[in-house]
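As numbered in this note's numbering, residues 402 to 871 make up the sequence shown, in order. For every residue, glycine included, the Cβ atom is placed at its ideal position computed from N, Cα and C.
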Amino acid sequence: MKNMILFILCVAGLVYFSGCEKDNSPESAALEIDAVIEENATIGWQINEIVDNSFEIEELTGKEGFVDADLTYGFSALSRLKSQAASLLDEALKQLQVPPLLSKENPDSLIFFSDDTSRGVRQALYFDPVTASARFYEVHYKLPAALPARYDSAEIVITVEQDLFSAQGNKLSGLYHLRTFREDFFVQRVSESLTVTDYNGDEISGIHLNSYALYRSDSFLDHIERTVMLNPNHSGTLQENFYFSDATSSYRTVTFNPDQTGEFAKGFRDGTTVSGTFDSAADDLSGFYTELIDFPDGRYLDKIFRSAAISISVVDSTFFLDLAEIIYFSDGRIDSCAINMTTVYQSSLKTTTWIVIKPNGAHGHLILRESEKTKVLAGEWTTANGYYLLINAEYYLDGSVHIHYVVYVSENAYLAGDDPLLTADYYLSPDKSGDGTITSGNQVYQIRFDDSGQGTISRGDKSKVIPIYP
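The following block contains the structure:
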């Protein structure tokens, strides 16, 4: 079955999709936009889609398997939560000098408490001899002003099988995480609740995870709810719901099968549907991914087909992805693109590189460096008409991204020190909707993307709808 995917890879693949319709209304036609702006305005959305789709594929097919995968677009990576829990436990044990006397008649005894007001870090450890469980929490309430977060708290629950003051036999049974952000930040609150349901020896083999993200009151995306259930036999489900300010919603579901294959589906507000299959490489170091995006009648896009072959190095677990995509337009045109992605793991740093090539001559090179606390992207892109872009982006805990790029007439113009033609600055939510600004000379334009990728540029009371795929 895996060999069949290689036949499909003679086609090519890139960005996601746009549900955009041609808009000939007087208001839309009234805004005149320079061709340079129109050609480059949607590239930021496209770049994010390359990254987002690639990570979705890696999450479903990568080396970690379903239990350790970042199954919710960076919102609640179980591997990150497990690492955080281990760090909290280590910190608690380091603080303990002499184990106190515990009374079985005094449940939830305070074992350790510390409040460092200079750093704004509060810690406490409680133990309940009756239930043989311990709780350790850590709160950061004085975060650097440069960070969007204003409050960060985490609590772990540990089942004590032998000795509270020894890491031997103590197992994580739950983790709770809450982070709040400054009032002007587009995300306001992120909360996560993880319950471990099963162990295979000392390894977690089953979990139940709930996640919630609340967005700013003026955001089109109101909140996101996610639930993940994974079982010891590798089966499980993921349900992801996006709720918008106009009372509409969209969804994503994933079904994991015991043989490490699976199916997924998505439904968008505009009627666009997505279906696909995957085979994880966690068991035999090779896998595949297919996806079909079907647009409603009357759109300028008909459908998009994606396929990918995945392999993992037996030597160092490097992840390789060869992705192909064909875009079918309603007028009969066909476009395509090919993406090669490589992910390398070095200690606590994960580095992902993309090489993107399109038949029309457009191409790009992107590098994303990810640690436990940061996820930062940098890269360059050359359009079919030779425009040269420098791209920077930062990804946040909920899967949102702040992307900034500068457009020059050519790479030679950039090297010669010429001024850029325009700059773009966007905030995109995990559902792909978002907004931002484009600055060209002394003109500033507003741009908004809905969850299907439709882009609208406006200035004053005039606007124009632009296609994601010209």
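The residue among LYS865, ALA709, LEU702 with its C-alpha nearest the C-alpha of GLN847 is LYS865.
Residues of the same chain with a CB within less than 6 Å of the CB of GLU771, apart from the 5 flanking positions on each side, are LYS751 in chain order. DSSP places LEU631 within a strand segment (E or B) once states are collapsed to three.
Out of ILE869, PHE456, THR638, the CA that lies nearest to the CA of ARG849 is found in ILE869. Proximity to THR824 across ASN813, ALA814, ALA817, THR840 peaks at THR840, based on C-alpha coordinates.
Taking a cut-off of 8 Å for Cβ pairs, the region 752-765 and the region 729-743 touch, as three or more such pairs fall below it. Bounds of the beta strand (DSSP E) holding GLU781 are 776-783. Checking the DSSP bridge columns, you'll see GLU539 partnered with GLN524, ALA555. Distance check between VAL716 and each of ILE608, GLU781, LEU686 places LEU686 closest, using alpha-carbon atoms only. ILE848 is bridged by DSSP to GLY837, ILE858.
Residue state for VAL452 is assigned as helix, using DSSP reduced to three classes. DSSP, reduced to helix, strand and coil, places TYR870 outside both helices and strands of the structure shown, so it counts as coil. Contact annotation, LEU822 with VAL437: C-beta distance approximately 5 Å; criterion of less than 8 Å satisfied. In this structure, the CA atom of SER594 is about 7 Å from the CA atom of HIS578. Excluding sequence positions up to five before and after PHE657, its CB lies within less than 6 Å of the CB of PHE467, SER636, GLY637, GLY663, all in the same chain and listed in chain order. DSSP, read as helix, strand or coil, puts GLY445 in helix. For ALA431, the three-state secondary structure derived from DSSP is coil. Put simply, the backbone Cα of PHE720 is about 20 Å away from that of ILE448. Distance from the CA atom of ALA614 to the CA atom of TYR652, rounded to whole angstroms, is 15 Å. The DSSP-derived three-state label of VAL437 is helix. Under a 10 Å Cβ-count criterion, THR744 is classified as buried, with 16 or more other Cβ atoms of the shown protein chains found around its own Cβ. Per DSSP, reduced to three states, the secondary structure at TYR701 is coil, with no helix or strand assignment. Looking at the DSSP output, TYR644 sits in a beta bridge with HIS624, SER650. Within the region 711-748, the complete beta strand (DSSP E) segments of 3 residues or longer fall at 720-730, 735-747, listed in chain order.
In this structure, the alpha-carbon of ARG580 lies about 27 Å from that of TYR746. Scanning its chain for C-beta atoms nearer than 6 Å, with the 5 sequence neighbours on each side dropped, one finds around ARG860 the residues TYR846, in chain order. Relative to the Cα of ASP619, the nearest Cα in the group SER606, SER646, SER612, PHE706 belongs to SER646. If you look at ALA814, you'll find it in the alpha helix (DSSP H) that goes 812-816.
Straight-line measurement puts the Cα of GLU604 at about 20 Å from the Cα of ALA533. Checking the DSSP bridge columns, you'll see VAL807 partnered with LEU791, THR824. For the set LEU767, ASN634, LEU610, the Cα lying nearest the Cα of GLN640 is the one of LEU610.
Taking C-beta atoms as the reference points, SER830 and ASP851 fail to come closer than 8 Å.
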